[in-house]
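Heads up: the structure comes next, in structure tokens.
Number of protein chains: 2
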Amino acid sequence: MLRVNKLTDYAVVVLCDLLRGQALRSAADLSASSGVPLPTVAKILKQLTKTDILQSVRGVNGGYGFARAPQNISMAEVIEALEGPIAVTGCAGDSGECCELTDQCPMSGHWTAVNVAVRGSLAEVRLIDMLPEARFMDPDDLSSNIAARHAPAAQQAQA
Amino acid sequence: MLRVNKLTDYAVVVLCDLLRGQALRSAADLSASSGVPLPTVAKILKQLTKTDILQSVRGVNGGYGFARAPQNISMAEVIEALEGPIAVTGCAGDSGECCELTDQCPMSGHWTAVNVAVRGSLAEVRLIDMLPEARFMDPDDLSSNIAARHAPAAQQAQA
DNA sequence: AGATACTGTACCGTTTTAGTCCTGTATATG
DNA sequence: CATATACAGGACTAAAACGGTACAGTATCT
Ligand code: FES
Ligand code: FES
Numbered sequence: 001m002l003r004v005n006k007l008t009d010y011a012v013v014v015l016c017d018l019l020r021g022q023a024l025r026s027a028a029d030l031s032a033s034s035g036v037p038l039p040t041v042a043k044i045l046k047q048l049t050k051t052d053i054l055q056s057v058r059g060v061n062g063g064y065g066f067a068r069a070p071q072n073i074s075m076a077e078v079i080e081a082l083e084g085p086i087a088v089t090g091c092a093g094d095s096g097e098c099c100e101l102t103d104q105c106p107m108s109g110h111w112t113a114v115n116v117a118v119r120g121s122l123a124e125v126r127l128i129d130m131l132p133e134a135r136f137m138d139p140d141d142l143s144s145n146i147a148a149r150h151a152p153a154a155q156q157a158q159a
Numbered sequence: 160m161l162r163v164n165k166l167t168d169y170a171v172v173v174l175c176d177l178l179r180g181q182a183l184r185s186a187a188d189l190s191a192s193s194g195v196p197l198p199t200v201a202k203i204l205k206q207l208t209k210t211d212i213l214q215s216v217r218g219v220n221g222g223y224g225f226a227r228a229p230q231n232i233s234m235a236e237v238i239e240a241l242e243g244p245i246a247v248t249g250c251a252g253d254s255g256e257c258c259e260l261t262d263q264c265p266m267s268g269h270w271t272a273v274n275v276a277v278r279g280s281l282a283e284v285r286l287i288d289m290l291p292e293a294r295f296m297d298p299d300d301l302s303s304n305i306a307a308r309h310a311p312a313a314q315q316a317q318a
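Same order as they appear, the protein sequences are chains A and B.
Residue numbering for the first sequence follows our numbering, starting at 1 and increasing by one per position.
Residue numbering for the second sequence follows our numbering, starting at 160 and increasing by one per position.
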């Protein structure tokens with residue numbers, strides 16, 4: 001089905017929730033407001049923190065916030081963060097793994113064309129494009145709105 | 160990983176083999192020349208025959224051939240034939256299936272943007288782009304070459 | 001010190017996938 | 001017409017991936 005993990009699906013739900021809320025939200029908070037079970041939310045957030053999509057703050061009043069302006073985050077990044085590099089088949093990936101036909105395989109690396117195409121199209125869909133409210137708002141207004149709310153969040157998190 | 164099935168991977172290998180060979184090839188023949196195990200080849204070919212990518216002829220001297228000019232076949236078609244509709248998440252597919260968050264889901268149908276992007280990029284990669292020889296041949300020459308070899312095949316199969 | 005909240009990892013049950021096999025049907029050939 | 005070839009369809013099993021959970025550990029605030 002060429003489908004994305006369920007975990008990635010949830011991740012977008014949670015991220016959108018984070019997008020519209022306060023700067024720093026705890027995993028429990030996000031779980032409650034998004035409907036995704038807490039352990040799952042925790043798992044997702046942990047994973048997203050390993051990349052430069054989210055940042056975390058420990059301790060009381062801690063939580064998660066965007067590591068940088070969310071309007072610059074693409075779906076390609078989110079998907080790659082949750083499921084590893086976008087490689088449609090093992091033979092074409094960076095990992096060097098191949099199927100068992102490598103020795104006589106007549107198409108060494110031709111899947112690359114497919115990978116590049118898919119990767120490119122995913123890079124052009126931004127996370128904020130997934131936010132339902134975006135439909136009813138002026139794009140520029142939305143961006144500045146989000147930037148205003150979240151840029152300080154990243155700074156605060158870094159402090 | 161956003162990966163395609165191994166079966167789809169094999170399918171492209173087998174299709175490329177069919178692309179360069181005679182008009183009608185048996186499953187056993189294709190298995191031998193591609194290195195993919197026979198039962199698997201058979202499964203793939205059967206599946207591809209359900210769509211209008213391949214055509215089959217039963218009986219002695221039977222086999223498989225392209226149902227139409229192969230240079231018009233896109234990777235999107237091949238992938239969809241093997242794994243069903245390209246729907247990155249269940250919530251966005253045509254099938255009407257959704258994850259369990261449907262009732263309070265804040266992003267009804269926003270994955271559609273992702274699906275359209277991915278589907279579009281896959282539609283632009285043609286099957287013959289996967290053929291290694293294509294690299295060393297003039298595109299026009301290749302197309303006419305393939306057309307000359309395979310257009311009669313379809314007619315013969317239909318007879 | 002104690003409560004809160006993230007970190008990392010390991011575990012297990014479920015689902016999906018890959019691969020195999022068997023029975024049936026259609027066609028060419030002698 | 002008998003027989004060999006070759007596709008059609010579906011059932012079945014083993015293996016891998018995924019989803020979800022649990023737990024022990026660490027950092028921070030009050
Ligand atoms: S090595 Fe697997 S398709 Fe090429
Ligand atoms: S119903 Fe599943 S993400 Fe919307």
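Ideal placement from N, C-alpha and C gives every residue a C-beta, glycine not left out.
For clarity, every value in this text was computed on a predicted model and none was experimentally measured.
Handout entry: Among I86(A), P70(A), S31(A), nearest to D129(A) - alpha-carbon criterion
Key = It is P70(A).
Practice task
Evaluate N274(B) with the Cβ neighbour count: other Cβ atoms within 10 Å of its Cβ, from every protein chain shown; 16 or more gives buried, anything less gives exposed.
Solution key: buried
Exercise for the section: Write down the C-beta distance between I212(B) and L2(A) rounded to the nearest angstrom, noting that I regard them as a contact closer than 8 angstroms. Expected result: With a Cβ gap of about 17 angstroms, I212(B) and L2(A) do not count as contacting.
Exercise for the section: For T248(B), decide whether its Cβ has a neighbour in chain A, counting only Cβ atoms nearer than 7 angstroms. Expected result: yes
Exercise for the section: Ignore the nearest five residues each way along the sequence and tell me which others in G218(B)'s own chain have a CB closer than 8 angstroms to its CB. Expected result: Excluding residues within five positions, none has a Cβ falling inside 8 angstroms.
Exercise for the section: Could you give the DSSP three-state label for L54(A): helix, strand or coil? Expected result: If DSSP states are grouped into helix, strand and coil, L54(A) belongs with the strands.
Problem - Below-7 angstroms beta-carbon distance, I44(A) vs any chain B residue - result: no
Practice task
With 7 angstroms as the threshold, decide whether the Cβ of L2(A) is near any Cβ in chain B.
Solution key: yes
Practice task
Output yes if chain B places a C-beta closer than 7 angstroms to the C-beta of I53(A); else output no.
Solution key: no
Problem - Secondary structure of R126(A), DSSP reduced to three states - result: strand
Problem - Minimum Cβ-Cβ distance from V57(A) to chain B less than 7 angstroms - result: no
Exercise for the section: Assign L19(A) to one of two classes, buried (16 or more other C-beta atoms within 10 Å of its C-beta) or exposed (fewer than that). Expected result: By the 16-neighbour rule on beta-carbons within 10 angstroms, L19(A) is buried.
Handout entry: Cβ distance (whole Å) where V247(B) is taken to contact V277(B) below 8 angstroms
Key = 6 angstroms
Exercise for the section: Look at the Cβ atom of L207(B), then the Cβ atom of A240(B), and state whether they are nearer than 7 angstroms. Expected result: yes
Practice task
Can you tell me the Cβ-Cβ gap for A27(A) and A42(A), rounded? I've got them flagged as a contact below 8 angstroms.
Solution key: 5 angstroms
Problem - Cβ neighbour criterion (16 or more within 10 Å) applied to L197(B) - result: Around the C-beta of L197(B), fewer than 16 other C-beta atoms lie within 10 Å, and the residue is accordingly described as exposed.
Handout entry: Cross-strand partners of S74(A) (DSSP beta bridge)
Key = R126(A)
Exercise for the section: Alpha carbon to alpha carbon, how far is V14(A) from L30(A)? Give it in angstroms, no decimals. Expected result: 7 angstroms
Handout entry: Classification of G222(B) by the beta-carbon crowding that lies within 10 angstroms, buried from 16 upward
Key = buried
Handout entry: Per-residue DSSP class, three states only, for R179(B)
Key = Collapsing the DSSP output to three states places R179(B) in a helix.
Exercise for the section: At 9 angstroms on the CB atoms, spell out the chain B contacts of E124(A), in chain order. Expected result: A276
Exercise for the section: Answer yes or no: does any C-beta atom of chain A fall closer than 7 angstroms to that of I245(B)? Expected result: yes
Handout entry: Beta-carbon contacts of T210(B) that lie in its chain and below 6 angstroms, excluding the five residues immediately before and after
Key = A240
Exercise for the section: Work out the CA separation of S74(A) and L122(A) for me, nearest whole Å. Expected result: 7 angstroms
Exercise for the section: Kindly say whether D9(A), judged by its beta-carbon, lies nearer than 7 angstroms to any beta-carbon of chain B. Expected result: yes
Handout entry: Straight-line Cα distance separating K165(B) from K46(A)
Key = 30 angstroms
Handout entry: Distance between W270(B) and S192(B) (C-alpha atoms, nearest Å)
Key = 41 angstroms
Problem - A113(A) beta carbon less than 7 angstroms from that of V284(B) - result: yes
Practice task
Measuring alpha carbon to alpha carbon, tell me which of T167(B), L290(B), L286(B), G180(B) ends up nearest N231(B).
Solution key: L286(B)
Practice task
Reducing DSSP to helix, strand and coil, say where R25(A) ends up.
Solution key: strand
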